[in-house]
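Participant:
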Ligand SMILES: Nc1ncnc2c1ncn2[C@@H]1O[C@H](COP(=O)(O)OP(=O)(O)O)[C@@H](O)[C@H]1O
Ligand SMILES: [Mg+2]
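Numbering (the working numbering), first residue to last: 22 to 262.
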């Protein structure tokens, strides 16, 4: 099946996306013409050298910055078409996109459980149910024994696993992960990829993982290479986890 053939039915579709930072002599064309498609239930890799536009692409798709032109579709809804179509970008980010950053950005004065439970609470879940969901995810990510600790008491790898639990908490249809396994050892990095793949299959989540990590690159069935702001698609090994 060529995934470029279907343009609806969920997932992510990016067409001719362009992003220019600044203007005039100092303008930087970070994305020239990006095309990308991720089906529901699919985990794709996004690989490219430093400065090639990977973070810019995730930030555009996550409605953190505004593209210059092109089109982006999430699920069956066009969210951007040479301008935002979706009015409430904050609700879009909260309910439909899970972010995993390279640095965990946990809230220092909340314990681990509440760092994760906060997301379903903000989306209107009762506190008890939100904490139940948090514990379920912390268990899946093997950090449940740190549930009552504060983020500063955790190792870097534990903090990263908590931030992944937080990204999964609202069962968003889309997850965007920017170098999520960089601070993790080999076994934990593969563990994270296993969870993302399970999540993709069970909840039909479309997932993009930006990475340089040689440990996880063989796990992708499909990889997009980005160079000078343009993407090229390639088949991956799709090694079983
Ligand atoms: N806020 C910004 N203002 C101006 N230029 C930027 C900004 N953010 C990124 N860039 C430039 O855009 C290009 C792509 O950056 P980025 O998306 O961060 O690449 P990557 O994540 O692949 O390393 C680089 O040339 C970078 O210097
Ligand atoms: Mg980057």
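For glycine and all other residues, C-beta sits at the position ideal for the given N, C-alpha and C.
Starting from residue 58, follow its DSSP beta bridges and name the residues at the other end.
Facilitator: BP columns for residue 58 point to 34.
Participant: Taking any heavy atom of ligand 1 as the mark, which residues have a C-beta closer than 5 angstroms to it, listed down the chain?
Facilitator: Going along the chain, the residues that qualify are 42, 49, 51, 71, 72, 73, 74, 75, 76 and 77.
Participant: Please report how far the alpha carbon of residue 254 lies from the alpha carbon of residue 31, in whole angstroms.
Facilitator: Answer to the nearest angstrom: the Cα atoms are 20 angstroms apart.
Participant: Mind listing, in chain order, the continuous beta strand (DSSP E) runs of no fewer than 3 residues lying wholly within the stretch 147-209?
Facilitator: For the stretch 147-209, whole beta strand (DSSP E) runs of length 3 or above, ordered along the chain, are 195-199.
Participant: For residue 34 and residue 106, I'd like the C-alpha separation in whole angstroms.
Facilitator: One C-alpha to the other measures close to 15 angstroms.
Participant: Run the CB neighbour count on residue 176, radius 10 Å, all protein chains shown included, and call it buried at 16 or more, exposed below.
Facilitator: Exposed.
Participant: Heavy atom of ligand 2 less than 7 angstroms from the Cβ of residue 199, yes or no?
Facilitator: At least one heavy atom of ligand 2 is nearer than 7 angstroms to the Cβ of residue 199, so yes.
Participant: With distance defined between alpha-carbon atoms, name the residue in 188, 40, 49 and 54 nearest to residue 252.
Facilitator: Comparing Cα-Cα distances from residue 252 to each of 188, 40, 49 and 54, the minimum goes to 54.
Participant: Quick one: what does DSSP say residue 46 is sitting in, helix, strand or coil?
Facilitator: The answer is helix: DSSP assigns residue 46 an H, G or I state.
Participant: Determine the extent of the beta strand (DSSP E) in which residue 64 is found, giving its start and end residues.
Facilitator: Residues 64-68.
Participant: Check residue 225 in the structure and name its three-state DSSP category.
Facilitator: DSSP places residue 225 in coil when its eight states are reduced to three.
Participant: If you check the beta carbons only, do residue 142 and residue 149 fall under 8 angstroms apart?
Facilitator: Not a contact, by the Cβ cut-off of 8 angstroms.
Participant: Considering just the uninterrupted stretch of the beta strand (DSSP E) at residue 102, what are its terminal residues?
Facilitator: Residue 102 -> beta strand (DSSP E) spans 98-102.
Participant: Spatial neighbours of residue 89 within its chain, please: C-beta separation below 6 angstroms, excluding the five flanking residues on both sides.
Facilitator: Closer than 6 angstroms at Cβ, skipping near neighbours: 39, 40 and 41.
Participant: Once the 5 residues before and after residue 249 are set aside, which same chain residues still bring their CB inside 6 angstroms of it?
Facilitator: So the list is empty, once near-sequence residues are dropped.
Participant: Comparing C-alpha positions only, which one of 257, 212, 139 and 98 sits nearest to residue 163?
Facilitator: Residue 163 has its Cα closest to that of 212, out of 257, 212, 139 and 98.
Participant: Which partner residues does residue 95 have in the DSSP bridge list?
Facilitator: According to DSSP, which records beta bridges pairwise, residue 95 is partnered with 33 and 98.
Participant: Once DSSP output is grouped into helix, strand and coil, what is the label at residue 107?
Facilitator: Coil at residue 107, not helix or strand.
Participant: Count the other CB atoms within 10 Å of the CB of residue 191; is the residue buried (16 or more) or exposed (fewer)?
Facilitator: Answer is buried; the Cβ neighbour count reaches 16.
Participant: What's the C-alpha gap between residue 146 and residue 188?
Facilitator: For residue 146 and residue 188, the distance between alpha carbons rounds to 16 angstroms.
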